[in-house]
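Notes to accompany the following structure.
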């Protein structure tokens with residue numbers, strides 16, 4: 077299967093996720109600017125994939141500027157700033173950059189290690205997350221609500237929250253997935269629905285505003301989300317709409333699980349109040365896949381993320397552990 | 077100003093709301109089938125406007141079939157069923173139909189009375205609602221969040237919840253409106269943003285999933301919604317997403333007000349559990365104006381409405397009264 081992001085023939089190859097579900101286009105990136113552009117316009121997105129993109133980006137820089145450490149560090153700083161909320165991007169950049177004095181091959185080896193560790197981490201999260209869901213939910217088969225795209229397209233293979241859905245499907249106990257379309261960029265419609273279709277897993281798509289009442293009507297057994305950043309106390313930054321979903325899950329008495337690699341856990345940030353929320357441009361809200369829906373001149377308020385307080389989260393599943401926030405445990 | 081729906085030259089004239097904000101198209105309806113079609117595809121929508129449509133539709137039938145009571149009643153039954161959740165449509169049909177034995181002119185007079193009473197009711201709701209908001213909110217100027225379209229386009233003139241926003245603007249105490257785009261049909265982007273632009277009122281549009289966190293960040297002082305049906309205990313059926321907004325308002329400690337004409341209050345329905353929730357087709361979720369966003373074959377779960385329990389509502393404002401649900405009052 078095509079990996080979401082990989083290193084092939086001295087280039088970064090990545091699936092252009094802005095073209096899905098209509099066509100599968102592979103971008104071949106051989107310079108910094110197209111990589112920054114791909115990250116900024118969300119052709120590659122998802123915390124784990126961004127970590128790999130950060131590492132491979134530095135590897136690319138190190139090969140393009142051998143012996144010119146200043147050029148590599150300057151490019152790395154620009155790459156790091158392409159998405160301010162995503163801790164994994166900076167993490168991947170910094171990790172590869174730490175090997176710079178050992179030469180371009182060492183930097184590349186580190187970036188490839190990030191890739192391989194992500195593949196292993198997603199496998200671990202899928203198993204641990206599915207085990208936890210099996211323990212928390214009595215009903216069989218299980219109905220899972222999820223937001224945004226947290227599947228293979230958010231990582232290298234399998235993904236985080238959607239990786240758990242895939243594992244439940246593989247175990248034969250998934251009744252259906254209920255992905256939210258996830259406005260404004262429709263990652264749920266375009267990407268998660270595409271991945272679930274590829275898997276052959278049963279699902280029904282819903283608009284974000286319908287999630288709360290669907291939960292209140294008892295139509296889902298568990299909510300699974302990914303994370304862009306998990307803070308020391310368990311507060312979690314994720315795609316806008318996640319917090320609303322957590323409130324609704326709490327109201328409905330449904331477990332709310334965060335599935336994210338340990339690299340998304342940022343112990344240096346004490347809680348959600350310290351997280352900068354990225355405000356994105358108006359076009360995303362005013363148009364729907366290029367078709368304008370609002371009048372000319374309309375202003376918007378378009379936060380890309382929100383912060384779900386740990387008090388609304390049942391547990392955080394990483395590749396190393398399960399943090400039972402509902403029992404007062406914290407990641408830090 | 078062009079009324080949303082009116083009786084002109086023995087025809088029903090109505091703004092085709094599916095064409096906004098791109099163009100202002102007036103439909104001239106002289107037969108039942110095009111009226112049912114207009115209601116079903118939401119060219120005319122909003123509880124009060126549907127009441128007027130119901131009344132004028134029966135007036136049209138009475139003129140088309142003079143002396144043929146069976147034909148009028150048969151047509152009226154079909155009209156009544158065009159939108160099952162909207163109590164106002166049935167109410168308008170039944171009220172005009174009650175004058176059938178007095179002849180077509182009496183039926184028309186009753187339908188025009190519904191129209192004129194709606195204009196007066198909206199004026200009364202605007203005043204009473206704005207007075208209540210002034211009393212509940214200490215901050216000046218005031219920031220108001222709202223969902224769907226509840227303005228002039230939902231009525232004949234002014235509207236319900238958005239009529240209150242317009243009144244706050246006229247009083248010079250509106251800092252900004254924060255309309256939600258309201259997927260799947262984008263009534264907020266297409267219609268409310270258009271009306272606010274026409275008014276010259278300041279506003280910023282946001283996606284539905286952002287509402288909860290925007291409220292939690294303290295960026296709105298009050299939430300105003302309309303209603304498709306208010307039951308005897310105060311439970312309120314409204315556009316899907318309203319319940320999520322009520323949960324978020326409660327979490328943020330922000331007043332949550334329902335603004336609806338007395339004709340939307342259905343004392344025959346004891347509570348929200350008795351409301352049938354209309355499930356609409358997949359195309360609304362899968363595509364917008366012909367542009368598909370999800371893969372072929374994707375199934376959906378597309379409830380058009382949700383029910384907000386009275387316990388999450390601060391007050392219900394009608395043209396006759398304010399019901400303080402937060403003090404244990406009920407409409408019935």
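Chains as they are written, first to last, in this note's numbering: chain Y, 77 to 408; chain F, 77 to 408. Ideal Cβ placement from N, Cα and C applies to all residues, glycine included.
For residue 139 (chain Y), the uninterrupted alpha helix (DSSP H) run begins and ends at 123-140, by DSSP. For residue 257 (chain Y), the residues of chain F that pass the 8 Å Cβ criterion are 259, 361, 369 and 370, in the order they occur in the chain. Taking 9 Å as the CB threshold, residue 365 (chain Y) lines the interface with chain F. Counted as a single uninterrupted DSSP element, the alpha helix (DSSP H) harbouring residue 110 (chain Y) occupies residues 108-116. Taking the beta carbon of residue 314 (chain Y) as reference, no residue of chain F falls within 7 Å; the closest one sits roughly 11 Å away. DSSP, reduced to helix, strand and coil, places residue 233 (chain Y) outside both helices and strands of the structure shown, so it counts as coil. Just measuring C-alpha positions, the residue of F:154, F:291, F:254 and F:338 sitting nearest residue 277 (chain F) is F:254. Chain Y places no beta carbon closer than 9 Å to that of residue 401 (chain F), leaving this residue out of the contacts. With 16 or more neighbouring CB atoms inside 10 Å of its own CB, residue 250 (chain F) falls in the buried class. The residue from F:266, F:115, F:131 and F:285 with its alpha-carbon nearest to that of residue 148 (chain F) is F:131. Going by DSSP, residue 255 (chain F) is part of no alpha helix (DSSP H) but of the beta strand (DSSP E) stretching over 250-255. Of the candidates Y:394, Y:384 and Y:369, the residue whose Cα lies closest to the Cα of residue 349 (chain Y) is Y:384. The straight-line gap separating the alpha-carbon atoms of residue 144 (chain Y) and residue 371 (chain F) is approximately 46 Å. Per the DSSP secondary-structure output, residue 273 (chain Y) pairs with nothing in a beta bridge. Taking 3 residues as the minimum length, the beta strand (DSSP E) runs contained wholly in the stretch 300-338 of chain F are 305-307, 312-315 and 332-335, in order along the chain.
Per DSSP, residue 158 (chain Y) is not a residue of any beta strand (DSSP E), being assigned neither H nor E. Pairing residue 306 (chain F) with residue 407 (chain F) gives a Cβ-Cβ distance under 9 Å. Chain-order list of chain F residues neighbouring residue 164 (chain Y): empty, with the shortest C-beta distance near 21 Å, by a criterion of under 7 Å.
Annotated three-state conformation of residue 365 (chain Y) is coil, per DSSP. Look at residue 263 (chain F) here: in three-state DSSP terms it is helix. In this structure residue 81 (chain F) touches residue 125 (chain F) by the C-beta definition: roughly 5 Å separates them, less than 8 Å.
Residue state for residue 400 (chain F) is assigned as coil, using DSSP reduced to three classes. Counting only the Cα atoms, residue 91 (chain F) lies some 20 Å from residue 237 (chain F).
Closer than 9 Å to the CB of residue 382 (chain Y) there is at least one CB belonging to chain F.
Closest in alpha carbon position to residue 242 (chain F), among F:261, F:225 and F:275, is F:275. For chain F, none of the residues of the stretch 209-243 of chain Y brings a beta carbon within less than 7 Å of one of its beta carbons. Ranked by how close their Cα comes to the Cα of residue 268 (chain Y), the residues Y:231, Y:248, Y:158 and Y:155 have Y:231 in first place.
If you look at residue 391 (chain F), you'll find it in the beta strand (DSSP E) that goes 391-393. Here DSSP, grouped into helix, strand and coil, assigns residue 103 (chain F) to strand.
Each of F:294, F:399, F:377 and F:376 was checked against the Cα of residue 338 (chain F), and the nearest Cα belongs to F:399. Rounded to the nearest whole angstrom, the CA to CA distance from residue 102 (chain F) to residue 89 (chain F) is 6 Å. Here the C-alpha atom of residue 179 (chain Y) lies approximately 8 Å from the C-alpha atom of residue 142 (chain Y). Interface residue (Cβ-Cβ distance to chain Y less than 9 Å): residue 297 (chain F) is not classified as such. Counting C-beta atoms within 10 angstroms of its own C-beta, residue 335 (chain F) has 16 or more neighbours from the protein chains shown and is therefore classed as buried. Shown in chain order are the members of the stretch 86-100 of chain F whose Cβ falls below 8 Å from a Cβ of chain Y: 97.
Per the Cβ contact rule, the stretch 199-207 of chain Y is in contact with the stretch 388-396 of chain Y (3 or more Cβ pairs under 8 Å).
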